[in-house]
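Engineer:
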Amino acid sequence: MKVTKVDVHVVSVPFTKPETWRFGRLWGLTNAIVEVHTDEGITGIGEVPGSPLISLVRDALEATAPWIVGHDPLRVTEFLTRCQDRGWHHYPYLGNEAQAGIEMALWDIAGKAHGCPVHQFFGGLQTEEVPFYWFINVNDRDPETARAEAAEGVERGFDTVYIKIGFDIDNDLAIARAIKDEVGDEVAFRVDANEGWTVFQARDALRRFEDVGVEFVEQPIDMHNIGGLADLRSKTRVRIAANQSAWLPAQVPDVIAQRAADVVVTDPHQLGGLVPFRNAITMCETAGLPVIKHAFGDTAITTVAAAHVLAAMPGPQLAHQQFVTFLVHDLLTERVEFVDGKLATPTGPGLGIELDREALELYKDVYEKYGEFEGYGPITPESPLPAELHEAKR
Numbered sequence: 003m004k005v006t007k008v009d010v011h012v013v014s015v016p017f018t019k020p021e022t023w024r025f026g027r028l029w030g031l032t033n034a035i036v037e038v039h040t041d042e043g044i045t046g047i048g049e050v051p052g053s054p055l056i057s058l059v060r061d062a063l064e065a066t067a068p069w070i071v072g073h074d075p076l077r078v079t080e081f082l083t084r085c086q087d088r089g090w091h092h093y094p095y096l097g098n099e100a101q102a103g104i105e106m107a108l109w110d111i112a113g114k115a116h117g118c119p120v121h122q123f124f125g126g127l128q129t130e131e132v133p134f135y136w137f138i139n140v141n142d143r144d145p146e147t148a149r150a151e152a153a154e155g156v157e158r159g160f161d162t163v164y165i166k167i168g169f170d171i172d173n174d175l176a177i178a179r180a181i182k183d184e185v186g187d188e189v190a191f192r193v194d195a196n197e198g199w200t201v202f203q204a205r206d207a208l209r210r211f212e213d214v215g216v217e218f219v220e221q222p223i224d225m226h227n228i229g230g231l232a233d234l235r236s237k238t239r240v241r242i243a244a245n246q247s248a249w250l251p252a253q254v255p256d257v258i259a260q261r262a263a264d265v266v267v268t269d270p271h272q273l274g275g276l277v278p279f280r281n282a283i284t285m286c287e288t289a290g291l292p293v294i295k296h297a298f299g300d301t302a303i304t305t306v307a308a309a310h311v312l313a314a315m316p317g318p319q320l321a322h323q324q325f326v327t328f329l330v331h332d333l334l335t336e337r338v339e340f341v342d343g344k345l346a347t348p349t350g351p352g353l354g355i356e357l358d359r360e361a362l363e364l365y366k367d368v369y370e371k372y373g374e375f376e377g378y379g380p381i382t383p384e385s386p387l388p389a390e391l392h393e394a395k396r
């Protein structure tokens, strides 16, 4: 079997309501959907988030595509090695994203070719359900809004809730206390500062969070300061999660060696694919650290792809991140559903999913007409889209 071509579709899929984080406000996802075609009629699908800009992501994918066209799609490791030999390791963030989007599609092809789900290639099924968490979004930074959002997540069966902080520490604490008061001790509650504090500020903030009862505080300081994370961890009772500090394959062992985190939060796109993702999980398992799948602005395609790897992990898992509950449409013919906060492990060949062609064309048109959703920049009070495009389609 040989790869004949790689198609890249740019889509802008709106959220039902915006996500506000420390770096800006996001009204939806602008991502690249990848299709890898073969001479045997098998097509695999993958996805790349549109960060930092979709134009750069598309260029990176177009640069990477010739390294798989004409080659055997089942030789996945050979493709990953070829990407590094061509210098992507010198531009790891963007290069890893492009590499990961195509690698995801190759695993889909492999599963379809062999008539088995992707998780079989990663050790076989260990769990029939993968846990995910409820993403609380508080655009007005009102504690009562946060309380209501948390209650909705619990009502929908999620046993872990999460919120962005890193704004004003007093407001962050008020929101956190309102959420904890609402969900109690039976529901895990975690917060993400998104590098919002200096080390000096973080010492005070973590001390003030000690009596809130959070599961952990994610990435309190700058991603490059792994030593600073280690110092903070040694001086607080609050667990610390490394996210941006553990994006790259070489960073994960550094976080482990410096004892900089209690939890590692990372994802296939930053690491460079499902294989590097599994490698990172194995390293962390050996060190006794749990791994949480980070979502870098994913549709259901990546959520499902990562779930195949996670389903092959032994033992209990902490809940993982997803954006599917924000999206008006998940781009699939059968919508991804979370039952009691868990995603049933797909059992069909490959990724076990199919693109909804009508939705794909619709959100390609949204991109062509309205452009991309950018997550970095000023917090815009109004969406660039008509209100009806933010209504859930099913």
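With our numbering as the guide, the letters of the sequence shown map in order to residues 3 to 396. All C-beta atoms in this analysis are idealised placements derived from N, C-alpha and C, irrespective of residue type, glycine included.
Looking only at its chain, what residues have a beta carbon closer than 7 angstroms to the beta carbon of G379, apart from the 5 residues adjacent to it on each side?
Structural biologist: Cβ neighbours of G379 beyond the five flanking positions: G26.
Engineer: On a Cα-Cα basis, can you pick out the residue from D264, Q128, F160 that is closest to E217?
Structural biologist: The shortest C-alpha separation from E217 is found at D264.
Engineer: DSSP state of G352, grouped into three classes?
Structural biologist: DSSP places G352 in strand when its eight states are reduced to three.
Engineer: Should T32 and I47 be called a contact, given that it needs their Cβ atoms to be closer than 7 angstroms?
Structural biologist: No; because the gap between Cβ atoms is not below 7 angstroms, this pair is not in contact.
Engineer: Measure how close the beta-carbons of Y5 and V71 come, nearest whole angstrom, since I'm counting them as under 8 angstroms.
Structural biologist: Sequence check: residue 5 is Val here, not Tyr. At roughly 5 angstroms, the Cβ-Cβ gap stays under 8 angstroms, so V5 and V71 are in contact.
Engineer: From F123 to P316, what does the alpha carbon distance come to, in whole angstroms?
Structural biologist: Each residue's alpha carbon lies about 15 angstroms from the other.
Engineer: Can you round the beta-carbon distance between M225 and E197 to whole angstroms, since I take them to be within the 8 angstroms contact cut?
Structural biologist: With a Cβ gap of about 6 angstroms, M225 and E197 count as contacting.
Engineer: Counting contacts by CB-CB distance shorter than 7 angstroms, is T40 in contact with chain B?
Structural biologist: Considering every chain present, this structure includes no chain B. It has just one protein chain.
Engineer: Would you mind reading off the limits of the beta strand (DSSP E) that contains N33?
Structural biologist: Looking at the DSSP string, the run of the beta strand (DSSP E) that includes N33 is 26 to 40.
Engineer: If we ignore side chains and look at the alpha-carbon of each, how far apart do A244 and E21 end up?
Structural biologist: Distance between the alpha carbons of A244 and E21 is about 21 angstroms.
Engineer: What did DSSP end up calling A176 once you bin it into helix, strand or coil?
Structural biologist: Correct three-state label for A176: helix.
Engineer: Report the option in V15, V163, V193, W90 whose CA atom is closest to the CA atom of L175.
Structural biologist: Of the candidates V15, V163, V193, W90, the one whose C-alpha sits nearest the C-alpha of L175 is V193.
Engineer: Among L231, T327, Y95, whose alpha-carbon lies nearest the alpha-carbon of A262?
Structural biologist: It is L231 whose Cα lies nearest to the Cα of A262.
Engineer: Kindly indicate which residue of K395, W69, F191, R179 has the alpha-carbon position closest to the one of R241.
Structural biologist: Nearest C-alpha to R241: F191.
Engineer: Would P388 be called buried (16 or more neighbouring beta carbons within 10 Å of its own) or exposed?
Structural biologist: When all chains shown are included, P388 counts as exposed.
Engineer: Going by DSSP, name the residue or residues bridged to T162.
Structural biologist: Answer is A190, bridged to T162.
Engineer: Look at V257 and R280 and say whether their C-beta atoms are less than 7 angstroms apart.
Structural biologist: Taking 7 angstroms as the Cβ cut-off, V257 and R280 do not qualify as a contacting pair.
Engineer: Helix, strand or coil, according to DSSP, for P75 in the structure here?
Structural biologist: The answer is coil: DSSP assigns P75 none of H, G, I, E or B.
Engineer: Within its chain, find whatever has a CB closer than 6 angstroms to the CB of E42; leave out the 5 residues flanking it on each side and keep chain order.
Structural biologist: Answer for E42: M3, listed in chain order.
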